[in-house]
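Per UniProt numbering, residue 1 is the first one in the sequence shown, and the count goes up by one each step. Note that CB positions come from ideal geometry on N, CA and C, so glycine has one too. Source: prediction; values computed, not measured.
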Amino acid sequence: MHQQADNKLRELTLHLRELNQNAFQQFSKRTQEKDFQVDFYNEVKPFADKVQELIDIWRPLAEAWVRRSKPKYVFPIQIKDTCDNLSIICVTAFQKDTRKRRFYETIKSIDYVLENILDQLERDHVKR
1 MHQQADNKLR
11 ELTLHLRELN
21 QNAFQQFSKR
31 TQEKDFQVDF
41 YNEVKPFADK
51 VQELIDIWRP
61 LAEAWVRRSK
71 PKYVFPIQIK
81 DTCDNLSIIC
91 VTAFQKDTRK
101 RRFYETIKSI
111 DYVLENILDQ
121 LERDHVKR
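The following block contains the structure:
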C-alpha cells in the first residue's frame, strides 16, 4: 500500500518539478521581454489551474509520507511552504513587476524541497 502511495508521490513530485521549471522559463525568457503581453485566460489561468490541481493531490500524499517515513531533510512545514510557493509562482511568472531575485529564490526553494523528497524516496526504495 505504501509503495503505491510512494510511486504516486514520486510521479507528482517530478511533475511539479517540471512545472516549477516551466514557471522559471516563462519568467526568465518570455515575461522579461520588452514587448511581452500576457493572455490571462489562455496562458495564466490554465497554468495556474494545472499547478493547483497537482498541489491538491500532492500535498496530502507528501504530508502522509513525511509522517510515515520521517525523512531526514524534509519537514511538514516545508510541504506547506512549497505548496504556498508553487501557488504564488504559477501566477507571478507571468507578471512583469515581479522582483527577479525573490522569484528566483522561491524557484530554488521549491526545487530544493522537491529534490529532497525525490532523493529520500529513492533511498527508501533502495532499502526495500
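To the nearest angstrom, report how far apart Q120 and R99 are at their CA atoms. Q120 and R99 have their C-alpha atoms some 32 angstroms from each other.
Please work out which residues of its chain come closer than 8 angstroms, Cβ to Cβ, to A5, disregarding the five sequence neighbours upstream and downstream, and give them in chain order. Spatial neighbours of A5 in its own chain (CB-CB distance under 8 angstroms, excluding positions within 5 residues in sequence) are listed in chain order as L61, A64 and W65.
Measuring straight from C-alpha to C-alpha, what distance separates I117 and R101? R101 has its alpha-carbon roughly 25 angstroms from the corresponding atom of I117.
With C-beta atoms as the reference, is C83 less than 8 angstroms away from R59? Contact flag set, yes.
Is it buried or exposed for N20, if we count other Cβ within 10 angstroms and need 16 for buried? Buried is the call here.
Can you look up R17 in the DSSP assignment and give me helix, strand or coil? In the displayed model, R17 falls within a helix according to three-state DSSP.
Candidates I55, S87, A93 and Y104, of which the one nearest L14 by Cα: It is I55 whose Cα lies nearest to the Cα of L14.
What is the DSSP secondary structure of D97, counted as helix, strand or coil? If DSSP states are grouped into helix, strand and coil, D97 belongs with coil.
Using beta-carbon positions only, say whether R68 and H2 come within less than 8 angstroms of one another. Going by C-beta atoms, R68 is nearer than 8 angstroms to H2.
Rounded Cβ spacing between S87 and Q52 (contact assumed at less than 8 angstroms): Rounded to the nearest angstrom, the Cβ distance from S87 to Q52 is 6 angstroms, consistent with a contact under 8 angstroms.
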